[in-house]
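Notes follow once the structure below has been shown.
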């Protein structure tokens, strides 16, 4: 009999289950924003299919002989209603065996559709209602208060999205854990399960009653933070996204899939092994609210808690490790699940038999039950004996050719067919006792044998470089540009494909090692690019295809073996010692290695300090590793961090230990971040935020550091020591000894200045940012070569005067502008000047793209022109011709101090209590602190206005006027400036008596006038210009103040 066309996308079993989940969404999330009648109507509409599928005799009796038309309304022509009071059986049937959750689409084989058009309309109406709910939920999410609430609701929104688009069944097959996540959320967590009760009393009008008891989802969000159940759900959703993202971009990377399946398997085992203590803690986390609607046995004993999903993940893990194509994983996992189900059923039956002896049943009853369980054990044992040997043979080894793959698929299929040929009674009650379950496995086995493999899978199975090249060429259109890393990967593999491995095995192995290295460099480069928070990056479809292809190329090159990026084959074969022509490069690489070690140690120790500051007990985790605090993932992160620091400090540690420790630290930081960045983010407070911040910084730092480390080691490995070992493979102590034995001239601590100077062109072998920085240095060299070509971060400003050939005001101004920009690019944030702030965010690296745009747009010229017009700068260049650079640097330091002091005075005034309260505004603060008289307040007003000007960037000129004053005036310059400003403000008040003096008897009016004057931008600007033009007057006042203070001091002595 034909079936409705919508059934393929919306199986009736899924429709029934979705009716429950969407009904919960309606009452949990939407009931506060809708009227009771609107909620009732939505519930009726979404439950149409369930009302029909429940149309049995019992249904008729329960609902008092209601007709289908009464329950679901008029569906129009084509819908087969019965007359009178009987309910039409649009769908009939039952279920003969329990079906695993992820097989729910197979339930439709138990329905007999008597009205095809009617069922199609029924499903269509149901989906239209789901779309209404989807829209309403989106509106609700826009108004939710916290990110955690939005993500909890977003979890259900994703369900609606997938269900409505008809992709749920496919997603469920690709990742059963994803489907389980929603079923678990609905079945275990206390969400509302509304009941719809139609009733017609005494043949009166139809009445619908909705029984609803919302579970308060907001409390669930709070209580479930950090639980293993949420970790499991988050893992499943993440894997689904990986599968979805790669579905159109080639097969997913094998290693990434393997990592995620391992994590999912482990997280499901956590759910099954939840302790009573954890269960009770979560369940009662929110007073007066219980999170779970089932007891702990539902988690630990029920197969619904993800047993099938854990088996599925385990089967896929084994298949991946055995070298099967990604496309075979679903097929092979189904076969494996049949084996695991048989094992579990045998274990369960044996447990039942053991418990019989403790029961109060009679001997006859016990014997009958024992025989029943033994018979069931025999059925499952026959399944094991038939299927398990074929599986074990198929999983042997870590790589499969296409011929081996086909042989094993055919063999497993034959074994399943052997079971199908058995008498039906021999399988009844087992996992594959259902014809549906057996049919699915056999059908998928047949499809797998006929399936055409992708280029990636063909290359993986053959391992031939020519096949691997096809994978790269597929994602490298001729008209599309490529990064240098991608080109290097392609060139390396292309060279490999042209070498005859049988004829030149050593040459082939060497080029293969280089190909592995180039592919890893590309993947790491793309990972760094994607995860760099300073420069958000979204991959294009082609880019994602390339990354997936590169991941599979790496798997092909490794062929199931562990990678050894820098094996002995990468060393220079002809020479074991350093020749004269090699000395400069070797010396530079040694310096880079020591510099890399020192810099990374500094960064990791800073991270350690920040984490210690986040702890309640500063002695735990690091100082005393026996006493730890924080979550398990935090403890592991701190242990990995301390281990990395110890190994980096150990000069005898070999490079493999260094690399392993950093990779472990990266993993632990990512684990910590994942735990606290799941789809249920909670409000964890500032301490967790600080820890997450350090984890995020490490996730950015470590991959870059590893990439740099590998590149330096590659360079060093071009030389071998006296024992014939590549120098990229020896410890720092060994490298130091070899350096001293083979290089004549050593500068300090292996060239400290060299390795501390990030402008050195040798750093172009480092990450992308370093290459860009060197490029920017070259651009700045065209602006002022004397500065750019001689710049170094460790150099004192006085040094530059010795290399500047032209010391005119214009040349010096451009020199200062270029040096400031060099500082922006190369110095750490805490030692930067004013120019840096516009190019940095917090402690992050500078925005190099923005800097390049600004340089090209003339920012150096604009800065130099502005500086050349500055009277203070002119005075410095004129009065200090030999030390102008140092003098200007000193003045800038003093300017910063003066500006900070001004800010502090303003803050103190604004926060000074008046009668126990803060002043309403700055006018009130001045009034109350200047005897409340307009004629005595100009001095106070002037002081505040001077501070207001100096506190901002626009007042830098005033600050520089004070900072650059000759030594004999310096002590009194601020007071002199304020005195000149007071005279100016008095003049402003005297010129406008009607505005400023009319309200002197009105206290509030006076306060308002003062506030208005202080905040008058025009007057403030005029005052600033007046002070800048009054340099001589200020110096005179400073001299007068100095004289007055001296006289006063002498008078005090005389008294």
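Numbering (the working numbering), first residue to last: 336 to 1390. Backbone N, C-alpha and C define an ideal beta-carbon position, used for all residues, glycine too. Here the structure is a predicted model, which is why all the values come from computation and not from measurement.
Spell out a yes or no on whether the stretch 986-1006 and the stretch 958-974 are touching, meaning 3 or more CB-CB pairs, one atom from each, closer than 8 Å.
yes
Have a look at residue 848 and residue 1195 and give me their C-alpha separation to the nearest angstrom.
46 Å
Using a Cβ-Cβ cut-off of 7 Å (strictly less than) and excluding sequence neighbours within five positions of residue 788, which residues of its own chain qualify?
660, 662
Please state whether the Cβ-Cβ distance between residue 607 and residue 634 is less than 8 Å.
For residue 607 and residue 634, yes; Cβs fall inside 8 Å.
Reduced DSSP category for residue 619 - H, G, I as helix; E, B as strand; rest coil
coil
Spatial neighbours of residue 501 within its chain, please: C-beta separation below 7 Å, excluding the five flanking residues on both sides.
344, 345
Here's a check: name, in chain order, each residue in its chain whose Cβ is nearer than 6 Å to the Cβ of residue 1107, leaving out the five neighbours to either side.
1183
When you compare each of 927, 800, 744 to residue 782 by their alpha carbons, which one comes out closest?
744
Bridge partners for residue 524 per DSSP, in chain order?
Its beta-bridge partners are 627.
At 4 residues or longer, and completely inside the stretch 930-985: list those alpha helix (DSSP H) runs for me, N to C.
967-984
For residue 647, count the other beta carbons within 10 Å of its own beta carbon; 16 or more makes it buried, fewer makes it exposed. Which is it?
Buried, by the Cβ-count rule.
Given this structure, state the Cα-to-Cα distance separating residue 1379 from residue 1235, to the nearest angstrom.
28 Å
Whole angstroms is fine: what's the gap from residue 1033's alpha carbon to residue 643's?
37 Å
Apply the 10 Å Cβ neighbour rule to residue 616 and answer buried if 16 or more other Cβ atoms are within range, or exposed otherwise.
exposed
On a Cα-Cα basis, can you pick out the residue from 691, 1325, 711 that is closest to residue 702?
691
Give the secondary structure of residue 1328 by DSSP, where H, G and I count as helix, E and B as strand, and everything else as coil.
Here residue 1328 sits in helix by DSSP.
For residue 546, list the residues DSSP reports as bridge partners.
530
Distance between beta carbons of residue 657 and residue 604, contact taken as under 8 Å:
Going by Cβ atoms, the distance from residue 604 to residue 657 rounds to 22 Å, so no, they are not a contact pair.
CB-CB under 6 Å to residue 1208, same chain, minus the five flanking residues each way: which ones, in chain order?
Exclusion of the five residues before and after residue 1208 leaves 1202 as the residues of its chain whose Cβ lies within less than 6 Å of its Cβ.
What does the Cβ neighbour count give for residue 1375, buried or exposed, with the cut at 16 atoms within 10 Å?
exposed
Backbone CA spacing between residue 1063 and residue 921 [nearest angstrom]
11 Å
So, with DSSP's three-state summary, where would you put residue 696?
coil
Does DSSP put residue 1061 in a helix, a strand or coil?
strand
At which residues does the alpha helix (DSSP H) containing residue 742 begin and terminate?
Residues 737-755.
Quick check on residue 1055: does DSSP put it in helix, strand or coil?
strand
Alpha-carbon spacing of residue 1159 relative to residue 1111, whole angstroms
11 Å
Whole angstroms are fine: how far does the CA of residue 357 sit from the CA of residue 351?
10 Å
Quick one, are the C-beta atoms of residue 1066 and residue 987 less than 8 Å apart?
yes
Can the beta-carbon of residue 1237 be found closer than 8 Å to that of residue 1280?
no
Within its chain, find whatever has a CB closer than 7 Å to the CB of residue 1151; leave out the 5 residues flanking it on each side and keep chain order.
Cβ within range, chain order: 1202, 1223.
What is the residue span of the alpha helix (DSSP H) that residue 1007 lies within?
990-1010
Distance, residue 712 Cα to residue 722 Cα:
15 Å
For the alpha helix (DSSP H) that contains residue 1159, what are its first and last residues?
1144-1161
Contact between the stretch 482-494 and the stretch 367-385 (3+ Cβ pairs under 8 Å):
no
The alpha helix (DSSP H) spanning residue 1276 covers which residue range?
First-last of the alpha helix (DSSP H) with residue 1276: 1273-1286.
Count Cβ pairs between the stretch 793-805 and the stretch 822-839 that sit closer than 8 Å; are there 3 or more?
These segments touch.
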